[in-house]
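*Asks:*
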Amino acid sequence: MKQIAIQLTAESPLTIRADHAPGGAATASYIPGTTFIGSLAAVHRMLYSEPEKREEFERLFLHEQIHYPDLYPAIFADKKLGRNLPVYSLPKTAQSCKRHPGFRFAESEENDAHGVRDSLIDWLLFSVKGSKSAEALSALIEHKKCPSCPATMDHLSGYYRRSHSVSVDPLDGYEFSRMDKALESEYTRLQTRTGIDRDSGTVQEGILYNRMVFEEGMRFWGVINVYDEELLPALTEFLEEAGYQSLVRIGTGRTRGMGKVTFEIKADKRAEKQYFAEFVERLSAFDLLVHAQNIQDSRYFFALTLHSPLILYDEFLRYRGTIDEQTLLQDMLHWGNNQDIKLKQIYQAVSIRRMTGWQEIWGTPRMNEYAIDAGSVFLFACDVADGTPEKAMLLRKLFELEMQGAGARRAEGFGRVCVSDQFHRERRML
Ligand SMILES: [Zn+2]
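All you need for the numbering used here is the position in the sequence shown, starting with 1, plus 52.
1. Does the Cβ of Ser190 have 16 or more other Cβ atoms within 10 Å, making it buried, or fewer, making it exposed?
2. If you run the structure through DSSP and keep just helix, strand and coil, what is Ser237?
3. Where does Thr307 fall in DSSP's three states?
4. Classify Gly90 as helix, strand or coil using the three-state DSSP reduction.
5. Tell me whether His195, by its Cβ, gets closer than 8 Å to a heavy atom of ligand 1.
6. Do Ser472 and Asp339 count as a contact pair if the criterion is CB distance below 9 Å?
7. Measure from the alpha carbon of Glu42 to the alpha carbon of each residue in Gly309, Phe451 and Gln456, then state which is nearest.
8. Could you have a look at Leu369 and say whether DSSP puts it in helix, strand or coil?
9. Throw me the rounded Cβ distance for the Ala62 and Gly269 pair, which I believe falls under 8 Å.
10. Compute the beta-carbon to beta-carbon distance between Ser141 and Ala426, rounded to the nearest angstrom, for a pair I have assumed lies under 8 Å.
11. My assumption, with CB atoms under 8 Å, is that Met205 sits in contact with Leu482. Please give the rounded CB distance.
12. Alpha carbon to alpha carbon, what distance is there between Met455 and Lys105?
13. With DSSP as the reference, label Met53 as helix, strand or coil.
14. Name the residue from Phe315, Lys184, Gly154 and Val402 whose alpha carbon lies nearest to the alpha carbon of Leu208.
15. Hey, could you find the ends of the alpha helix (DSSP H) Arg405 is sitting in?
16. Between the alpha carbons of Arg372 and Gly459, how many angstroms are there, rounded?
17. So, Leu235 versus Phe128, is the Cβ gap smaller than 9 Å?
18. Please classify Lys131: is it buried, with 16 or more other beta-carbons within 10 angstroms of its beta-carbon, or exposed?
19. So Ser229 packs on Arg214, CB below 8 Å; how close in whole Å?
20. Compare the beta carbon distance of Pro143 and Gly167 with 9 Å and say whether it is the shorter of the two.
21. Say the cut is 8 Å; is the CB of Arg151 nearer than that to a heavy atom of ligand 1?
22. Excluding sequence positions up to five away, which residues of its chain have a Cβ less than 6 Å from the Cβ of Asp349?
23. Give the straight-line distance between the Cα atoms of Phe353 and Leu177, rounded to the nearest whole angstrom.
24. Cα separation between Glu377 and Ser160?
25. Residues bridged to Ile83 by DSSP?
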């Protein structure tokens, strides 16, 4: 697998159909992969009408050998964060001061934030040690209040970017990597419109729809996963032409000059071996941190954090609202004979999102679908000892899950899963 990062800039205002949470509130403020792949496909059709290019179209857009991403807001107050660093949804376990939310060390003129931390390990202690453990309870209680002011701690949602370089906290000498939260709300507004009946042209009662409007100059970031590496030259050439020459139009109002975008691409040159070594290191660091908490539990701990919404069906084609042990083993890790592995879900922080039904690549409607939302977190404990074939198998299968993704519509950006995300190791206020 090879990765190509996309940095996209809105050259004119851009409007996207917004998704709804089941309660009716619009949720996301990003460019869904469904929208992005549809816009690219439209440009490809326009640029290349020759019959021999039809095969290329199919291989780039229909064969699911290329997974296009959701593009997340990428404007940050901290100008020291490189423009090519990844942007992710904040996990549902992230918490910050209610009165002064945000990352403490982000370097900008008016930063009065009190910091962000992750609560997953607090919940792990509570689950493993039980509600009778004074230690586990005090960890949860201690983190209900901001350490810098009397305000309470609250869940923090949005998107963040992390620097590769390490800084040192001047107060206590701890090393950390700086992070910042995207400023999407300053560049977006939500429009609620009434639906118009197509036949009569009259206002249709009860039909409301939301549109997210991004202002000109808004930037986004995402990464394309390419599984058939033979497609790389054709894909790169097409993306460069379409991106630099601002041929791509995204969202609605395109005939009125809206949704004009430019983008730059950057290929990741790392080999799969290198990804795997970094992966194993990240998982070990998380498990080691868990066991450093004096938990008297020898199991191996790992977390799954959704970097994009995940659509999973059960055997009756109903939507799954969680990842339980069987779902993980059968549908995500494809573990054939799973009697030999003992797995337990310890904790979850999850929400469901209704995805708007629209097939952008063909411009046709489709059924609404329900996805487990980006940022959802699932914690598992597994009975495997170090150095056993089962442990090696588990690591290999978790790595494949992270590389390949899971569930339906992966070519449109769904189903990106990160195992033991570095963010869950951030227990201090950063
Ligand atoms: Zn505070």
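The beta-carbon is built from N, C-alpha and C at its ideal position, and this holds for glycine as well.
Keep in mind it's a predicted model, so treat the numbers as computed, not measured.
*Replies:* Taking the structure as given:
1. Translated into the one-based positions of the sequence shown, residue 190 becomes position 138. Ser190 is exposed by the Cβ-count criterion.
2. By 1-based counting over the sequence shown, the position of residue 237 is 185. Correct three-state label for Ser237: helix.
3. Against the sequence shown, residue 307 aligns to sequence position 255. In the structure shown, Thr307 sits in a helix (DSSP, three-state: H, G or I).
4. As a position in the sequence shown, residue 90 is number 38, starting the count at 1. Helix.
5. Position 143 of the sequence shown, counting from 1, holds the residue named residue 195. Using a cutoff of 8 Å, the CB of His195 does not count as near ligand 1, since none of the ligand's heavy atoms is closer than that.
6. On the sequence shown, position 287 is the one that residue 339 refers to. On the sequence shown, position 420 is the one that residue 472 refers to. Going by C-beta atoms, Asp339 is nearer than 9 Å to Ser472.
7. Because the chain spans 53 through 482 in this model, residue 42 falls outside it and cannot be assessed.
8. Here residue 369 is taken as the residue at index 317 of the sequence shown, counted from 1. Residue state, collapsed to three classes: coil.
9. In the sequence shown, counting from the first residue as 1, residue 62 sits at position 10. In the sequence shown, counting from the first residue as 1, residue 269 sits at position 217. Going by Cβ atoms, the distance from Ala62 to Gly269 rounds to 7 Å, so yes, they are a contact pair.
10. Position 89 of the sequence shown holds residue 141. Position 374 of the sequence shown holds residue 426. With a Cβ gap of about 4 Å, Ser141 and Ala426 count as contacting.
11. What you label residue 205 is simply residue 153 of the sequence shown in a count that begins at 1. What you label residue 482 is simply residue 430 of the sequence shown in a count that begins at 1. Not quite, the Cβ-Cβ distance comes to about 14 Å (not below 8 Å), so this is no contact.
12. By 1-based counting over the sequence shown, the position of residue 105 is 53. By 1-based counting over the sequence shown, the position of residue 455 is 403. If you take the alpha carbons of Lys105 and Met455, they lie about 29 Å apart.
13. For the purposes of this step, residue 53 is taken as the residue at position 1 of the sequence shown. Coil.
14. Along the sequence shown, one-based indexing puts residue 208 at 156. Ranking Phe315, Lys184, Gly154 and Val402 by Cα distance to Leu208 puts Gly154 first.
15. On the sequence shown, position 353 is the one that residue 405 refers to. In the DSSP assignment, Arg405 falls outside any alpha helix (DSSP H) and within the unbroken beta strand (DSSP E) covering Ile404 to Met407.
16. For the purposes of this step, residue 372 is taken as residue 320 along the sequence shown, with counting starting at 1. For the purposes of this step, residue 459 is taken as residue 407 along the sequence shown, with counting starting at 1. Distance between the alpha carbons of Arg372 and Gly459 is about 10 Å.
17. Along the sequence shown, read from residue 1 onward, the residue named residue 235 stands at position 183. Along the sequence shown, read from residue 1 onward, the residue named residue 128 stands at position 76. Against a cut-off of 9 Å, the Cβ pair of Phe128 and Leu235 comes out as a contact.
18. On the sequence shown, position 79 is the one that residue 131 refers to. It counts as exposed.
19. On the sequence shown, residue 229 is found 177 positions in, with the first residue counted as 1. On the sequence shown, residue 214 is found 162 positions in, with the first residue counted as 1. Right, their Cβ atoms sit about 5 Å apart.
20. As a working note, residue 143 is residue 91 in the sequence shown. As a working note, residue 167 is residue 115 in the sequence shown. Their beta carbons are not under 9 Å apart, which means Pro143 does not touch Gly167 by this criterion.
21. Here residue 151 corresponds to residue number 99 of the sequence shown, with the count starting at 1. True, at least one ligand heavy atom lies under 8 Å from that Cβ.
22. Mapped onto the sequence shown, residue 349 falls at position 297. Around Asp349: Val180.
23. In the sequence shown, residue 353 corresponds to position 301, counting from 1. In the sequence shown, residue 177 corresponds to position 125, counting from 1. Rounded to whole angstroms, Phe353 to Leu177 spans 12 Å at the Cα level.
24. Stepping through the sequence shown from its first residue, residue 377 is reached at position 325. Stepping through the sequence shown from its first residue, residue 160 is reached at position 108. So the alpha carbons of these two residues sit roughly 44 Å apart.
25. Within the sequence shown, numbered from 1, the residue matching residue 83 stands at position 31. Here Ile83 is bridged, per DSSP, to Leu123.
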